[in-house]
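Under our numbering, the first residue of the sequence shown is numbered 36, with each subsequent residue one higher.
Cβ coordinates follow ideal geometry from the N, Cα and C atoms, glycine included.
All values derive from a computational prediction rather than experimental measurement.
Read the structure below first, then the notes.
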Amino acid sequence: MSYHSSTRDSGSRNVRRNVLEFGRTFVVMPKGTHTTTIVWLHGIGEKGSSWTQILETLPLPNIKWICPSAPTRQVTLFGGYPCTAWFNTSSMSEDDCGDLEGLDASATHVANLLATEPDDVKLGVAGFSMGASVALYSATCRALGQYGNGNRYPINLSAAVALSGWLPCSRFLKSRVGASQEAARRATSLPILLCHGRVDDVVEYKLGEKSAQTMYSAGFQNLTFRTYNGLGHYTILEEINDVCSWLIACLGA
C-alpha cells in the first residue's frame, strides 16, 4: 500500500506521584479461527465496552478484540475535569507532549495485553479519537523499538488503525526513525490506516491530515489515509467497511 487520500500497567522506571489504575477490560472473542488479536482503544470519556457492540457485528470472524478502559484522570484541556483518558493533554496537536509518561503507560498497557497472546497470532492496535492517538504512538514505539522513556518496546505489531485521531509527540519522529536502519525498516513495513472526517469539530481534519503526512515523511510509507465528506467526530458504516476491507487485505483477517 502507499500513502493516499480518498474521499470516501506502566513500564516506566520513573516513580509516579499519582498512580492511575486502568479500568475494566472487555473482550470480544473470535467466532472463527483465531488468527489475529487487536486491542481497540476508546475515545476520551468512554470505556472499553463503548465499542464492543460494533466490534461484535464486524464480518471479521477470526479477530479477537481486547477493549481496555482508560484510567480516570484530570484533563487539562477540559479545565481539569476528571474523565477517562489515556493521557493528559492541554491541546490536541502534534507537538503537545506534556504527558509523555501517560502515553508510555497506556502504550505499555496495550503491549502487556498483547504479550500473552499465542505466538502464531498476528497483533494489532486500533482506536478512536484519543485512543487512535495511542494506537499511532504505539506504532512509532514499534518502529523505534522503545517507548519515549527509553524502555524496550516488546511487541511485533502487524497493523495499526486510527479513526478521528492525531499523532502526539511527533516533533522529533523523523530524525529518530532516520537515525536507525532497523527503525526505518520497521517503519516502512508496518501497515497503518488513518481515517478522518472532513467536518470533524473535535479533532480537526487538518490535524489528522498533518499526522498522516508526518508519519509518511518519517518513513511509515505503508500508510493509507482515507477521508470522508460530511463526517464529524463519530464513525459511519462506510468507514467501518473500509476498516474491515483494509484489515482483510493486510492481515487476511
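Excluding residues up to 5 positions away in sequence, 127, 164, 199, 200, 201, 268 lie with their Cβ nearer than 7 Å to the Cβ of residue 238 in the same chain. When the alpha-carbon of residue 276 is set against those of 93, 62, 76, 61, the nearest one is in 93. The beta carbon of residue 257 sits closer than 7 Å to the beta carbons of 36, 223, 224, 225, 226, 227 from its chain, once the five residues preceding and following it are set aside; these are given in chain order. Rounded to the nearest whole angstrom, the CA to CA distance from residue 117 to residue 263 is 31 Å.
The criterion of a C-beta distance shorter than 8 Å is not satisfied by residue 156 and residue 100.
Residue pairing for residue 122: DSSP places it in no beta bridge.
No residue range can be given for residue 156, since it is assigned to no alpha helix (DSSP H) and is classified by DSSP as neither H nor E. Per DSSP, reduced to three states, the secondary structure at residue 246 is helical. Secondary-structure assignment with DSSP links residue 197 through a beta bridge to 162, 229. Under the three-state reduction of DSSP output, residue 182 falls in the coil class, being neither helix nor strand.
Closest option to residue 162, judged by alpha-carbon separation, among 81, 215, 135, 109: 81. DSSP places residue 237 in the coil class of the three-state scheme, outside both helix and strand. Counting C-beta atoms within 10 angstroms of its own C-beta, residue 151 has fewer than 16 neighbours from the protein chains shown and is therefore classed as exposed. The Cβ-Cβ distance between residue 170 and residue 195 falls below 8 Å. Sequence-distant Cβ neighbours of residue 149 in its own chain, meaning closer than 7 Å and more than five residues away, are 72, 74, 158, 190. When the beta-carbon positions are compared, residue 247 and residue 229 come within less than 8 Å of each other. Relative to the Cα of residue 141, the nearest Cα in the group 166, 153, 124, 132 belongs to 166. Looking at the DSSP output, residue 256 shares a beta bridge with no other residue.
Nearest in C-alpha terms to residue 137, of all of 147, 153, 146, 120, is 120. At a cut-off of 3 residues, the continuous stretches assigned as beta strand (DSSP E) that sit fully inside the stretch 69-101 are 71-76. When the Cα atoms are used, residue 146 and residue 184 turn out to be separated by approximately 15 Å.
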